[in-house]
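Chains as they are written, first to last, in this note's numbering: chain A, 1 to 264; chain L, 1001 to 1248.
Backbone N, C-alpha and C define an ideal beta-carbon position, used for all residues, glycine too.
Just so we're clear, the structure is a prediction, and the values are computed from it rather than from any experiment.
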């Protein structure tokens, strides 16, 4: 509201916005539930079985793995990214510009910060749901070690917060809905390809490795892969720290950016 | 009696532009108060400052003694806002729209359901209870917006151009509702382009132009003052604000 400090304007009411968005997802559940379950099956068929027939073994962190086992955790991380980012990026844009949802809710006791935090939370929920659904498929294919793979659930929730915040930020800076193609081209797709999802980064030139190290998805993939391989280790805390820091940073700035658009 | 709303020296600047340039008014309890003015006069900006959707640049506006500068959340609990543009949730049914909205006011679910059904009955939407809002006509959507604005039993109802774009039948039905609410003692702020509407519904009104109040009084007082030889409020309005076209 009028207090310039964002944190002070946040209240439990953010959950009301979260519930509103979850309620909408439940109304339209067929389009929300089936893609996260079916997409990874397609990827596993195409890359795992199709490409995997030619690339049988892949060397990663000093050990050899089946290609399918290597790329499966990447699909879990990618699913979290896609679903969380797109939920806020397109969803929040539509609620801001077309459905005028925020305009309706801002006259109720919710503050702009409550609304936008609710958006991030519901985007993260979608990311978590997608991550869990893909993990289930990966588990059914026998590609996830337990109990270490359970780490992926809280990680997906955290990564969901981060990617939902990125999505909200993009929605906050895009003048028109078509502009949202730009972050997909410049940010989402490069991450999809160059975050160690389909191939290890060790073989890439140094500068590619450096850039990949900056991409948030790389760190989510690192932890997810170690979890499905059952090789979680202390150095992964750096990946976690990077994700935590970036989440704090981008969630703050996305709320600030979008608030400026909501309240002029 | 203390007024429900009190605006004093209210200002809103956008850079050099003074959208609202020092407005003062009071709305008494149970009163239907009209805010009239051509496009771009500062009506919507004033309403948005009152509903805490826009920060004020200067001055203050209070609702039940709470200031928009100090306690916007407290004010928002007291308001029922019926917006100019339809912003219902297209993914929800008629009743679900009201239930989800009532959650924002911490109204518990069983009570929300009870109030929602009561309001849907009162606004003649009971046939549509479980229908998606997309199935509603323009007039029905406006009635649902009005029902939604009442779900928290507000101290002040804000009607921002409630009948713009409606057919004469729907307009009359909305007017009937406003009259009923007035009889029940609800305090209302009405903005409108239809001067006839203000003449019919408002106890008192102000005419704003260029961010300032240029005239105020009861509809009758304004007509007698400016057009002693007869005429209607629209003639007064045009006399005061000029006949040239305005664009937002």
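key: Residue-level contact to chain A via CB, residue 1092(L), 8 Å cutoff   = yes
key: Within 8 Å, strictly: CB atoms of residue 113(A) and residue 257(A)   = no
key: alpha helix (DSSP H) runs contained entirely in the segment 197-261 of chain A, provided each spans 4 or more residues   = 206-214 and 216-229
query = By the 10 Å Cβ neighbour count, where 16 or more other Cβ atoms means buried, how is residue 1112(L) classified, buried or exposed?
reply = buried
inquiry  = Counting only beta-carbon separations shorter than 8 Å, does residue 2(A) have a partner in chain L?
reply    = In this prediction, residue 2(A) has a pLDDT of 46, which is less than 50 and means its spatial position is unreliable; what the coordinates show is noted afterwards. Yes, residue 2(A) counts as interfacial toward chain L.
query = According to a CB-to-CB cut-off of less than 8 Å, which residues of the segment 98-121 of chain A neighbour chain L?
reply = 99, 100, 101, 103, 104, 105, 106, 107, 108, 109, 110 and 111
request  = Please indicate yes or no: does the CB of residue 197(A) lie closer than 7 Å to some heavy atom of the ligand GDP?
outcome  = Questions concerning the ligand GDP fall outside what the structure shown contains, since it holds no ligand whatsoever.
request  = Flag residue 16(A) as yes if its beta-carbon sits less than 8 Å from any beta-carbon of chain L, otherwise no.
outcome  = yes
query = On the three-state DSSP scale, how would you describe residue 72(A)?
reply = helix
request  = Scan the segment 63-120 of chain A and note each continuous beta strand (DSSP E) run of 3 residues or more that stays entirely inside, going in chain order.
outcome  = 63-66
Bridge partners - residue 1093(L), DSSP secondary structure assignment = 1132(L)
message = Quick check on the DSSP output: what are the complete beta strand (DSSP E) runs of length 3 or more inside the segment 1033-1078 of chain L, in order along the chain?
response = 1058-1063
ask   = Leaving out five residues before and five after residue 1045(L) in sequence, what residues of the same chain have Cβ atoms less than 6 Å from its Cβ?
value = 1012, 1019 and 1020
task = Mind checking which residues open and close the alpha helix (DSSP H) that includes residue 192(A)?
result = 189-194
key: Supposed close pair residue 89(A), residue 171(A) - CB separation, criterion 8 Å   = 5 Å
ask   = Between the segment 54-71 of chain A and the segment 205-213 of chain A, are three or more C-beta pairs nearer than 8 Å?
value = no
ask   = By a C-beta neighbour count over all protein chains shown, 10 Å radius and 16 as the cutoff for buried, is residue 1248(L) buried or exposed?
value = Here residue 1248(L) scores only 47 on pLDDT, less than 50, and its place in the model should not be relied on; the value that follows carries that caveat. Exposed: under 16 other Cβ atoms inside 10 Å.
ask   = How about residue 1156(L) and residue 1004(L): are their beta carbons less than 8 Å apart?
value = yes
ask   = At a cut of 8 Å, does the segment 143-150 of chain A reach the segment 85-103 of chain A through at least three beta carbon pairs?
value = no
ask   = Within this structure, are the beta carbons of residue 79(A) and residue 40(A) separated by less than 8 Å?
value = yes
query = Using a C-beta to C-beta distance shorter than 7 Å, which residues of chain A count as neighbours of residue 1076(L)?
reply = 107, 108 and 109
request  = Return the CA-CA distance between residue 202(A) and residue 213(A), expressed in angstroms with no decimal places.
outcome  = 11 Å
query = Who are the near neighbours of residue 159(A) in its chain, counting only those whose CB is closer than 6 Å to its CB and skipping five residues on each side?
reply = 80 and 220
request  = Have a look at residue 1205(L) and residue 1178(L) and give me their C-alpha separation to the nearest angstrom.
outcome  = 16 Å
query = To the nearest whole angstrom, what separates the beta carbons of residue 1092(L) and residue 1133(L), a pair I think is in contact under 8 Å?
reply = 7 Å
key: Start and end residues, beta strand (DSSP E) containing residue 1217(L)   = 1212-1217
task = Leaving out five residues on either side along the sequence, give the residues of the same chain with a beta carbon under 6 Å from the beta carbon of residue 247(A).
result = 161 and 162
task = State the Cα-Cα distance for the pair residue 1108(L) and residue 104(A), rounded to the nearest angstrom.
result = 20 Å
inquiry  = Does chain L have any CB closer than 8 Å to the CB of residue 259(A)?
reply    = no
ask   = Applying a beta-carbon distance threshold of less than 8 Å, which residues of chain A neighbour residue 1020(L)?
value = Simply none; closest approach about 13 Å.
ask   = If we count the other Cβ atoms within 10 Å of its Cβ and call it buried at 16 or more, is residue 1230(L) buried or exposed?
value = exposed
request  = Decide if residue 1101(L) is buried, meaning its Cβ has at least 16 other Cβ atoms within 10 Å, or exposed.
outcome  = buried
request  = State the start and end residues of the unbroken beta strand (DSSP E) segment that holds residue 1205(L).
outcome  = 1204-1209
inquiry  = My assumption, with CB atoms under 8 Å, is that residue 1010(L) sits in contact with residue 1061(L). Please give the rounded CB distance.
reply    = 5 Å
ask   = Does DSSP classify residue 1107(L) as helix, strand or coil?
value = coil
key: Closest by C-alpha distance to residue 76(A), when choosing among 241(A), 197(A), 232(A) and 239(A)   = 197(A)
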